[in-house]
Amino acid sequence: MKRMILLLLLTMFCIVSQAAKIHKPWENGPLQVSANHRYLVHQNGQPFFWLGNTAWLMPERLNRDEVEYYLNREREQGYNVEQIQVLNAIPTFNIYGQPANDETFNFAKYTREGTYGYWDHLDYIVDMAETNGIYIAMDCIWGSQISKMDEKKASAYGKFLGERYKNKPNIIWMIGGDIMGDKGTACWDALARAIKKADGNHLMTFHPRGRTTSAWWYNDREWMDFNMFQSGHRRYGQRNGDGDYTIKDNTEEDNGRYVEMSQEKEPLRPVIDGEPSYEDIPQGLHDFSAPRWQDYDVRRYAYWAVLAGCFGHTYGHNSIMQFMRPGVLASFGAEKAWWDAMNDPGYLQMKYLKWLMLALPFTDGEADQSIIASANGERYDRVIALRGQDFLLVYNYSGKPVTIDLSKISGTSKNLWVMNPSDGSLTYQGETSDKTREWVTDGAYLRGSDRVLIAVDSHKNYIDKKATKLEERW
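Those letters in the sequence shown? Residues 43 to 516, by the numbering used here.
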């Protein structure tokens, strides 16, 4: 009997200890925009690196047990933001067959005592995410549905959402939803302002159409806290009727240009790529026989965006974003069950970017392509650089030799490392007092040869010289 009690106490202790290890970022205070208007930090100044995932259909497709499993796996892999659709249709139903709404947008009839309704299930998702230290970025209503709202309905919906979730610590608001910002403008404004009136605690952005940025339409809005762009799923030269988009030919994959376009606006706001090309989705989306984006592609989108000046990054997977499973009609040629997709290499590699940025005082950083002292390339040969006062990062996707200007940061000498973003491994390159350094990577040209050069003022100890892998940071 005593042995059974001891085992029970030991089990309980292990469970409590495990729960105690879960990092709750909001314990550092609410999220806010940094003093330099480029990043997100907590109220106490602690930097926040957004590592998101597009989990659009989680409220509709997952049951309670699956939500728990999914969010636990997300936490284990370092993801700290889940982008979800709250309403993707009128009406929207969850996996239990419970509707969220109807065309009247009268939510009282769908929040009845004694019924585990749609909104109860959404509450469960928010609470389970909180347990795992994860933010829920709520896209309130998908853009394709905005024509079914007017300003009055938008205001009522915003009031309902704001009042329901204002006291949850892990909410981020997303207006829009894969739509050009000049469509439904009055409704988006009404929705955003109603939420903000009810909830002054949480940050807000706008999720736009592919190959556009929210800064084009809403940068001056009082409700906008940070900008979001969707670099989209096209490959170079793949227009598919998008000739009216204001981007140059053969720049479709250059997501850094959306950072630049966003930061040209006043006032300056933080910016993030909220939807890049997904792992295992056909290039261009609609031709299922087309090549699919691979792990090296999603790595490239992530490092290009962050070193161009984004405050974080959102990953996506074709099967995870729609929670594909056998028996469910798939979109965009998805074939894998979502739980199998969580073993794909790109999904598992995103955490290394987060660990790298959190190892450095990255919120002091700014993109600076003058660090590339040699001629820079185009497309896959383009090298992207970011520097702080005493560190710099250079991402080389193709492996093309380049010359780096080390004098751009402090210190008469610098310590150098090369990081492999596919596994987070570090190789110390030694200390140098050279002002420039030719960098020749150790991989073959293109496809899987991407590397990050790290240079740090030798007086700083951000990274251990003996380290062979990045340290976990949450």
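Note that CB positions come from ideal geometry on N, CA and C, so glycine has one too.
What you are looking at is a predicted structure, and each value in this text was computed from that prediction instead of being measured.
Per DSSP, cross-strand counterpart(s) of residue i
i, result
"P141", "F135"
"W481", "V444"
"G354", "W92"
"V128", "Bridge partners of V128: none, in fact."
"L428", "A409, L435"
"T157", "In the DSSP output, where bridge partners are listed per residue, T157 has none listed."
"P324", "R334"
Where residue i falls, given that 16 or more other Cβ within 10 Å makes a residue buried
i, result
"E473", "exposed"
"T96", "buried"
"S373", "exposed"
"T405", "buried"
"G285", "Any answer about G285 is weak, because its pLDDT of 48 lies below 50 and its placement is not dependable; what the coordinates show is given next. Exposed."
"S455", "exposed"
"R493", "buried"
"I64", "exposed"
"A427", "buried"
"L495", "buried"
"A77", "exposed"
"A228", "exposed"
"S412", "exposed"
"F55", "Residue confidence is low: F55 scores 45 on pLDDT, short of 50, so the model does not pin down where it sits. Its coordinate-derived value is still stated next. With fewer than 16 other Cβ atoms within 10 Å, it is exposed."
"F268", "buried"
"A150", "exposed"
"N86", "exposed"
Supposed contact pair residue j and residue i - C-beta distance, whole angstroms, cut 8 Å
i, j, result
"W265", "A234", "4 Å"
"G219", "H275", "About 16 Å; that fails the 8 Å criterion."
"K208", "F147", "Rounded, the Cβ-Cβ distance is 19 Å, inconsistent with contact."
"I178", "I167", "7 Å"
"M384", "R206", "With a Cβ gap of about 29 Å, M384 and R206 do not count as contacting."
"W258", "G298", "Between G298 and W258 the Cβ distance is about 17 Å, and since that is not below 8 Å, they are no contact."
"E321", "V340", "5 Å"
"G441", "A486", "7 Å"
Nearest residue (CA-CA) to residue i, options the options
i, options, result
"I446", "D267, W516, K477, G185", "K477"
"R277", "P309, I237, A332", "A332"
"W184", "L99, I213, Y207", "L99"
"R251", "D241, A240, Q272, A236", "Q272"
"L377", "Y389, I505, Q364", "Residue identity check: residue 377 is Glu in the sequence provided, not Leu. Among Y389, I505, Q364, the Cα nearest to that of E377 is on Q364."
"G466", "T255, E514, R103, T157", "E514"
"L93", "H79, V348, C229, D484", "V348"
"R117", "G419, K66, W481, G441", "K66"
"A401", "I217, V498, M303", "V498"
"D291", "H501, S440, R421, K307", "R421"
"D484", "V313, H501, M461", "M461"
"L73", "Y152, H501, F353, Y138", "F353"
"N70", "P89, R80, Y81, H79", "P89"
"S304", "T254, D506, I451, I126", "T254"
"Y138", "N105, Y338, A344", "N105"
"R489", "R479, I451, S464", "S464"
"I323", "R429, G388, N174, L82", "G388"
"I176", "G120, P443, A415, S449", "G120"
"R80", "D144, L245, R311, P211", "R311"
"N243", "P211, L164, S256", "P211"
"I451", "Y470, A417, S500", "S500"
Enclosing beta strand (DSSP E) for residue i [first to last residue]
i, result
"F271", "269-272"
"E514", "Unbroken run through E514: none, as it is neither H nor E."
"M216", "213-221"
"K456", "456-462"
"F202", "From DSSP, F202 is part of no beta strand (DSSP E) but of the alpha helix (DSSP H) over 193-207."
"Y487", "Element bounds for Y487: n/a, residue is neither H nor E."
"D181", "177-183"
"L82", "82-84"
"I496", "493-499"
"L245", "First-last for L245: undefined, no H or E at that position."
"D315", "313-315"
"L73", "73-75"
Opening and closing residue of the alpha helix (DSSP H) in which residue i lies
i, result
"S361", "360-364"
"D169", "160-173"
"E116", "106-118"
"L400", "387-400"
"G298", "298-305"
"P101", "100-103"
"A257", "257-260"
"T474", "Taken as a continuous stretch (DSSP letters only), T474 belongs to no alpha helix (DSSP H), being part of the beta strand (DSSP E) at 467-474."
"L233", "227-240"
"D382", "380-383"
"V370", "Premise fails: V370 is in no alpha helix (DSSP H) and is neither H nor E."
"A417", "No alpha helix (DSSP H) contains A417, which DSSP labels as neither H nor E."
8 Å Cβ cutoff, residue i in contact with chain C
i, result
"G419", "No chain C is present in this structure, which holds just one protein chain."
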